[in-house]
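Residue numbers (our numbering), protein chains in the order written: chain A, 1 to 250; chain B, 251 to 500.
All residues carry an ideal CB built from backbone N, CA and C; glycine is no exception.
Below is one structure, written out as structure tokens; the observations come after it.
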């Protein structure tokens, strides 16, 4: 299996490229519009054909390149079913693995950051790996204060769906803001300051309530655009025209 | 391939168990005397036969269980050739991969923490992984102030042998003192405070010279015992008898 972790600077987003050497089929998990050219180049360099794009959730901090990639490569757009994205070709849910070539991506329903969030589990050979999107981050987790977020649900998603995986399972997050790239379930259980062993649900809710995070700069564009698979809506919020220029026009 | 990262509390040591499911053969990298029973149990639980023990270097902070494991399982003791360990069955060097079953462990000569240190590179399926012993640690590195250590050599080992590996290569260190388990070459190149991009050799030497580390508590026993593959020497330093009781008697 081919596995590449790719980084987008402006929103500190990780995109994952997973390729099947036997069939030449590939998937991009959480591809971003800003790195559209890089991702196409990576596919070409590796001799891979993009079969699917797959988002963990409707992002609030960047635009997905799902539709733009589809327009060039004829890839299919896969989205979490509970997000209700009409332009998606495939509605993904926990009971339906996404198979391409000899590879299987297994969705885990992990709401809390958003109400529709999926994490994706994959067998990498020696280890399992889980792409945790904005649910579990290294030493942290996604925020829970918009898009149907819930601290209580996030706590239960992480404790019951992720922390129950084998400790050696590699954790590949959707973002990191401090240059870290990979962790393990054992590590997060041991030292994640918000979630480690002994942290109860009420403790976690208290931590999340105290974060006082700023409103995401791009959210008023990103959420409606991502509901259109990355196409800018007709009504672009003031000052966000530039973001739409690199995207697919509405 | 089976890959397990196992932790020993008292010296914060990681032992790695690597098994070949096809042949049932296994290797333990840096097994410690304190966790001898656990490691035997792990092998048994996984239905694996221990083919080799393999140390990255002569440890100063714990005793290897190489000889004790050999006495029970008939495993062969592999040690870095430049350590000059007479009791080793196999002298390992950079040009001689250690093969067992369908698995190959590729030694990289990475002196600096000690003058004989080897790291071990392994193809895990989707990614390569490198077990870096006490050469490269997560956000850190091994000390360089004894056993033929050299900050200059460590800098060059990391820059030329490890940081030249693909960025997605997983880094599995020999220790972590903060609950972290795994990193990547890209991560260490980006954020290791002693070694990240832009840190010159002189900067690194300055950092290492300023550490003022305490003398390792067990070193006066561990180094001579590990030169005997984990057998306590005739002349046990005062107050260290207990450490020898769990080992193989001289």
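Could you please give the first and the last residue of the uninterrupted beta strand (DSSP E) stretch that includes residue i?
i, result
"residue 255(B)", "252-258"
"residue 121(A)", "118-123"
"residue 99(A)", "98-100"
"residue 320(B)", "Residue 320(B) -> not in any beta strand (DSSP E); alpha helix (DSSP H) instead, spanning 316-323."
"residue 92(A)", "90-92"
Is residue i buried or exposed, if buried means 16 or more other CB atoms sit within 10 Å of its CB?
i, result
"residue 166(A)", "exposed"
"residue 214(A)", "exposed"
"residue 132(A)", "buried"
"residue 266(B)", "buried"
"residue 72(A)", "exposed"
"residue 447(B)", "exposed"
"residue 44(A)", "exposed"
"residue 291(B)", "exposed"
"residue 142(A)", "buried"
"residue 256(B)", "buried"
"residue 209(A)", "exposed"
"residue 65(A)", "buried"
"residue 177(A)", "exposed"
"residue 345(B)", "exposed"
"residue 118(A)", "buried"
"residue 127(A)", "buried"
"residue 84(A)", "exposed"
"residue 420(B)", "buried"
"residue 19(A)", "buried"
"residue 354(B)", "exposed"
"residue 144(A)", "buried"
Among the options, which has the Cα closest to the Cα of residue i?
i, options, result
"residue 9(A)", "174(A), 40(A), 237(A) and 224(A)", "174(A)"
"residue 151(A)", "138(A), 168(A) and 111(A)", "111(A)"
"residue 457(B)", "493(B), 256(B), 336(B) and 443(B)", "443(B)"
"residue 413(B)", "371(B), 484(B), 459(B) and 278(B)", "371(B)"
"residue 74(A)", "147(A), 50(A), 88(A) and 135(A)", "50(A)"
"residue 491(B)", "472(B), 479(B) and 477(B)", "472(B)"
"residue 305(B)", "438(B), 363(B) and 342(B)", "342(B)"
"residue 303(B)", "313(B), 333(B) and 317(B)", "317(B)"
"residue 134(A)", "125(A), 146(A) and 224(A)", "146(A)"
"residue 189(A)", "199(A), 181(A) and 180(A)", "199(A)"
"residue 48(A)", "22(A), 36(A), 31(A) and 33(A)", "22(A)"
"residue 451(B)", "331(B), 278(B), 407(B) and 377(B)", "407(B)"
"residue 89(A)", "100(A), 101(A) and 70(A)", "70(A)"
"residue 479(B)", "329(B), 289(B) and 253(B)", "329(B)"
"residue 505(B)", "489(B), 469(B) and 475(B)", "This structure cannot speak to residue 505(B), because chain B is shown only from 251 to 500."
"residue 359(B)", "430(B), 493(B) and 411(B)", "411(B)"
"residue 477(B)", "374(B), 283(B), 307(B) and 373(B)", "307(B)"
"residue 32(A)", "238(A), 239(A) and 231(A)", "231(A)"
"residue 98(A)", "125(A), 25(A) and 114(A)", "25(A)"
"residue 82(A)", "30(A), 1(A), 114(A) and 63(A)", "114(A)"
"residue 35(A)", "46(A), 27(A) and 14(A)", "14(A)"
"residue 205(A)", "102(A), 2(A), 149(A) and 139(A)", "149(A)"
"residue 140(A)", "1(A), 129(A) and 184(A)", "184(A)"
"residue 3(A)", "375(B), 484(B), 253(B) and 352(B)", "375(B)"
"residue 225(A)", "159(A), 100(A) and 59(A)", "59(A)"
"residue 466(B)", "287(B), 288(B), 313(B) and 289(B)", "313(B)"
"residue 101(A)", "87(A), 12(A), 27(A) and 211(A)", "27(A)"
"residue 187(A)", "280(B), 379(B) and 432(B)", "432(B)"
"residue 327(B)", "356(B), 461(B) and 279(B)", "279(B)"
Spell out the partners DSSP gives residue i in its beta bridges.
i, result
"residue 425(B)", "263(B)"
"residue 26(A)", "19(A) and 50(A)"
"residue 327(B)", "303(B)"
"residue 391(B)", "386(B)"
"residue 358(B)", "369(B)"
"residue 183(A)", "171(A)"
"residue 353(B)", "350(B)"
"residue 32(A)", "64(A)"
Provide the residue span of the alpha helix (DSSP H) that contains residue i, from first to last.
i, result
"residue 302(B)", "Not the alpha helix (DSSP H): residue 302(B) falls in the beta strand (DSSP E), residues 299-304."
"residue 133(A)", "Where residue 133(A) is concerned, there is no enclosing alpha helix (DSSP H), although the beta strand (DSSP E) it sits in stretches over 128-133."
"residue 209(A)", "201-209"
"residue 444(B)", "Segment: none, residue 444(B) is in no alpha helix (DSSP H) and carries neither H nor E."
"residue 215(A)", "Note, residue 215(A): premise wrong, no alpha helix (DSSP H); not H, not E."
"residue 154(A)", "151-157"
Answer yes or no: the CB of residue i versus the heavy atoms of the ligand SAM, is any distance below 8 Å?
i, result
"residue 343(B)", "What this structure holds is no ligand at all, so the ligand SAM is not there to describe."
Which residues, in order along the segment 180-198 of chain A, keep a beta-carbon less than 7 Å from a beta-carbon of chain B? Per Cβ criterion, the list reads 180, 181, 182, 183, 184, 186, 187, 190 and 191.
Using Cβ-Cβ distances below 8 Å, what residues of the segment 378-407 of chain B are close to chain A? Cβ contacts with chain A: 379.
To be precise: take each residue of the segment 272-305 of chain B, compare its Cβ to all Cβ atoms of chain A, and keep it if any distance is under 8 Å. Which residues remain? Of all residues in the segment 272-305 of chain B, none has a Cβ within less than 8 Å of some Cβ in chain A.
Check distances from the C-beta atoms of the segment 99-131 of chain A to those of chain B and list, in chain order, the residues that come in under 7 Å. Shown in chain order are the members of the segment 99-131 of chain A whose Cβ falls below 7 Å from a Cβ of chain B: 124, 125, 126 and 127.
In chain order, what residues of the segment 251-273 of chain B put their CB closer than 9 Å to some CB of chain A? For the segment 251-273 of chain B, the residues whose beta carbon sits under 9 Å from a beta carbon of chain A are, in order, 251, 252, 253, 254, 255, 257 and 268.
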